[in-house]
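Under full-length UniProt numbering, the first residue of the sequence shown carries the number 1, and numbering increases by one thereafter. Each residue gets a CB set at the ideal place from its N, CA and C atoms; glycine is no exception. Below: the structure, in structure tokens.
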Amino acid sequence: MPDPSFLVTPEHRRIAYRLTDGEGPAVVFCGGFKSDMEGTKALHLQRWAEQTGRAFLRFDYSGHGSSEGAFLEGAIGDWFEDARAACGLLAGPLVLVGSSMGGWISLLLARAMPERIAGLVGIAAAPDFTEDSMWAGFSEAQRAALQRDGQVTLPSDYSDEPYIITRRLIEEGRGRLVLRDPLDLPFPVRLLQGTADTDVPPSVALRLLDHATGPDIRLTLVKGADHRFSTPECLTMIEDAVGQVLGR
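Next up, the structure:
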């Protein structure tokens with residue numbers, strides 16, 4: 001595979017992307033926390049876009065994958081800005097597909113530029129997770145360590161290396177929350193959620209469904225699916241959800 005292309009954001013971060021030309025609305029994949037654009041879901045949608053002649057964009061946030069920057073220096077606002085800059089590569093309406101943290105990023109994009117959004121698909125979307133999952137789940141000792149040392153370590157189910165959570169990630173995220181104020185999504189929205197997801201439990205999807213307002217918002221719960229949501233059956237469901245949004 002050829003090397004990715006790069007763009008420099010208005011904030012002077014150099015991020016990697018891969019763009020497939022095709023018909024619009026273009027589909028934009030926003031990945032998860034500490035993931036990259038070479039994951040199963042992103043590559044599956046790449047192949048789907050090539051087969052259907054659909055414009056498709058995937059990219060790496062700064063500090064992720066092939067993009068420049070240090071992961072530990074990043075925060076939700078930085079990665080939202082990266083995503084917004086990547087969307088600037090495309091003209092016309094967009095369909096956002098956000099996985100886990102990418103679901104939060106997609107909601108921030110929808111709030112920032114609603115006139116460009118033709119639809120949104122959330123896959124185990126994790127809005128406000130720095131506050132409602134991380135901070136809320138910290139013990140008093142962990143909160144004290146975060147304030148004292150500027151970071152705290154959490155185990156990871158996906159790597160032998162633990163997650164290092166910085167104080168900036170938590171504090172900056174408080175200015176990016178989307179479930180505290182009205183959240184209008186005036187376009188088709190499809191939310192996909194596994195019932196066996198222990199990272200982003202179904203209660204998060206139900207809260208988002210209850211909180212958001214819009215004419216066409218639907219949540220599909222998949223019994224037994226986990227956070228990866230990458231089995232062949234789940235990948236087909238993602239395709240179908242994108243197709244539904246495009247069809248509307």
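Starting from the C-beta of residue i, find all residues in its chain whose C-beta is less than 7 Å away, skip the five residues before and the five after it, and write them out in chain order.
i	result
SER156	PRO162, TYR163
VAL8	ARG14
ARG84	LEU109, ALA112
Of the choices the options, whose alpha-carbon is the least far from that of residue i?
i	options	result
GLY98	TYR61, ARG143, THR20	TYR61
GLN244	LEU185, ILE117, GLU50, VAL189	VAL189
LYS223	LEU192, ALA136, GLY65	LEU192
ASP199	THR213, PHE129, LEU94	PHE129
residue 323	SER66, PHE56, GLN151	A query on residue 323 cannot be resolved here, the shown segment of the chain reaching from 1 to 248 and no further.
ARG248	ARG207, MET237, HIS227, PHE187	PHE187
ARG14	SER66, MET1, VAL27, GLU50	SER66
GLN51	SER133, THR20, TRP79	THR20
SER173	ASP3, ALA75, GLU239	Per the sequence shown, residue 173 should be read as Gly rather than Ser. The residue with the shortest Cα to Cα distance from GLY173 is ALA75.
GLY77	ILE217, HIS227, LEU177	LEU177
Would you identify the three-state DSSP class for residue i, choosing helix, strand or coil?
i	result
GLY24	strand
ARG58	strand
ALA16	strand
GLY175	coil
GLY88	coil
PHE80	helix
VAL242	helix
ALA118	strand
ASP132	helix
ASP216	coil
ASP184	strand
MET113	coil
Per DSSP, residue i forms a beta bridge with which residues?
i	result
GLN193	LEU221
GLN151	THR166
PHE33	In the DSSP output, where bridge partners are listed per residue, PHE33 has none listed.
VAL97	PHE29, VAL121
SER5	TYR17
When you compare only the Cα positions, how much space is there between residue i and residue j?
i	j	result
LEU119	ASP197	At residue 119 the sequence reads Gly, which differs from the Leu that was named. The alpha-carbon atoms of GLY119 and ASP197 are separated by roughly 24 Å.
LEU183	ALA205	14 Å
ALA91	GLY22	12 Å
VAL242	VAL121	7 Å
LEU219	ARG167	33 Å
PRO10	PHE71	19 Å
TYR89	GLU81	Reading the sequence as shown, one finds Leu at residue 89 and not Tyr. If you take the alpha carbons of LEU89 and GLU81, they lie about 13 Å apart.
GLY137	GLY53	44 Å
MET237	GLY194	12 Å
PHE150	MET134	A small fix is needed here, since residue 150 is Gly in this sequence, not Phe. The straight-line gap from Cα to Cα measures roughly 15 Å.
PRO201	GLY175	23 Å
Can you give me the Cβ contacts of residue i inside the same chain, cut-off strictly under 6 Å, excluding the 5 residues immediately before and after it?
i	result
MET101	GLY32, PHE33, ALA126
ARG58	ARG18, PHE29, MET37, ALA42
SER106	CYS30, LEU96, GLY98, LEU120
LEU235	HIS44
What residues in its chain sit with their C-beta under 8 Å from that of residue i, if we drop five residues either side in the sequence?
i	result
THR153	PRO162, TYR163, ILE164, ILE165
CYS87	VAL28, LEU57, LEU94, LEU109, MET113, ARG116
GLN147	ARG167
Hey, is residue i close to the ligand ADP, as in C-beta under 6 Å from one of its heavy atoms?
i	result
SER230	Judged by which ligands are present, the structure shown has none, so any question about the ligand ADP falls away.
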